[in-house]
Amino acid sequence: MQDVVMLPSKPEKFIRSSREFGYSDLIFLFEGNSAEFNKLKKRFDVNLGLLFSPKHMDDFQKLKKYDKPVLIIGSATDEKLLRRILENKKIHGFTNVEHEFGKDHTHYRKSNMNQVLAKIAYDKNKTYYVNFARVLYSQKRSKLIGRMLQNIKFMNKYRVNISIGSFARDEKGFRLYDNLESFAKVLKARKLQAINVPVVSNLPKGVRIVG
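Following this line, the structure appears as structure tokens:
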């Protein structure tokens with residue numbers, strides 16, 4: 161079983177804590193430039209991925225400078241940037257589409273997703289990652305969940321793959337996968353898939369967690 165977390169200063173402690181929750185592998189997401197990513201990849205013997213949050217279209221050119229992230233998840237609330245994320249072959253999935261501010265429309269929520277984008281996500285075989293940490297620490301949780309519910313409807317309609325991760329930034333953010341799965345069911349996610357990224361295990365050689 162795998163979980164997606166944010167890269168801490170001491171990933172070894174994260175790995176030890178994750179075993180108590182039944183995870184055999186962690187995917188550590190890094191936020192930052194390629195030079196720092198490549199240094200960290202040499203420094204840490206972990207499964208290092210990238211949370212890619214472009215601000216401009218030119219930022220997509222920088223992706224080729226990262227040294228083989230095991231997973232790239234795009235993050236954007238802007239429709240043009242999100243579409244570019246969905247169309248980019250290097251990016252595996254997307255998250256954080258919803259934001260917490262602004263008023264919803266009378267007949268629908270301002271969730272930054274629509275049927276056109278959902279269809280592209282399906283056609284390009286992208287995965288929608290539910291970021292549990294955003295919900296856990298949100299100051300406007302009900303609004304955020306409402307917008308997630310609307311986006312999950314789009315994902316369900318177009319059969320887009322859905323996964324959920326803790327995206328923990330500290331050890332308090334870990335959750336059992338059963339708990340994460342239950343929350344995804346509250347969001348009415350149908351095509352829910354456990355995170356399954358080809359990686360080198362974080363556990364010692366020959367040791368696996370079976371559950």
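Just so we're aligned: 230 in the numbering used here is position 70 of the sequence shown, and the numbers increase by one with no gaps anywhere.
Virtual Cβ for every residue (Gly too), placed ideally from N, Cα, C.
Whether residue i touches residue j by CB criterion (9 Å)
i: Ala293; j: Ile322; result: no
i: Glu191; j: Ser213; result: yes
i: Arg327; j: Val320; result: Reading off the sequence, residue 327 comes out as Phe, not Arg. It is not a contact, given that the beta carbons lie outside the stated cut-off.
i: Val230; j: Ile187; result: yes
i: Gly253; j: Asn291; result: no
i: Val359; j: Gln162; result: yes
i: Leu200; j: Val164; result: no
i: Leu246; j: Lys284; result: yes
i: Ile251; j: Lys286; result: yes
i: Ile175; j: Leu210; result: no
i: Tyr288; j: Ile312; result: yes
i: Leu208; j: Glu239; result: no
Cβ neighbour criterion (16 or more within 10 Å) applied to residue i
i: Gln221; result: exposed
i: His267; result: Annotation note: pLDDT 48 at His267 (below 50); position unreliable, coordinate value reported separately. It is exposed - the Cβ of His267 has fewer than 16 other Cβ atoms within 10 Å.
i: Met308; result: buried
i: Ala195; result: exposed
i: Ala349; result: buried
i: Ser271; result: buried
i: Met372; result: This structure does not reach residue 372, given that the chain is present from 161 up to 371, and the question cannot be answered.
i: Tyr337; result: buried
i: Ser342; result: exposed
i: Gly234; result: buried
Own chain, CB closer than 6 Å to residue i, minus 5 neighbours either side, in chain order
i: His259; result: Thr237
i: Phe197; result: Phe190 and Tyr226
i: Leu223; result: Lys250
i: Tyr183; result: Met161 and Asp163
i: Leu241; result: Pro214
Residue i (DSSP reduced to helix, strand or coil)
i: Phe327; result: coil
i: Ser235; result: strand
i: Asp338; result: helix
i: Asp163; result: strand
i: Ile245; result: helix
i: Phe181; result: coil
i: Val295; result: helix
i: Tyr318; result: coil
i: Leu347; result: coil
i: Tyr226; result: coil
i: Phe204; result: coil
i: Val290; result: strand
i: Ile251; result: coil
Residues near residue i in its chain [Cβ-Cβ closer than 8 Å; skip 5 each side]
i: Gln275; result: Phe314, Lys317 and Tyr318
i: Pro171; result: Leu186, Phe188, Phe204 and Val206
i: Leu347; result: Val290, Ile305, Met308, Leu309 and Ile312
i: Lys173; result: Glu331
i: Gln353; result: Thr287, Asn321, Ile322 and Ser323
Cβ-based neighbour list, residue i, same chain, cut-off 7 Å, excluding 5 preceding and 5 following
i: Phe334; result: Ser177, Ser178, Phe181, Ser326 and Ala328
i: Ser302; result: none
i: Arg203; result: none
i: Lys365; result: Reliability fails at Lys365, whose pLDDT of 44 lies under 50, so the model's placement of it is uncertain and no value is given.
i: Arg244; result: Met217 and Phe220
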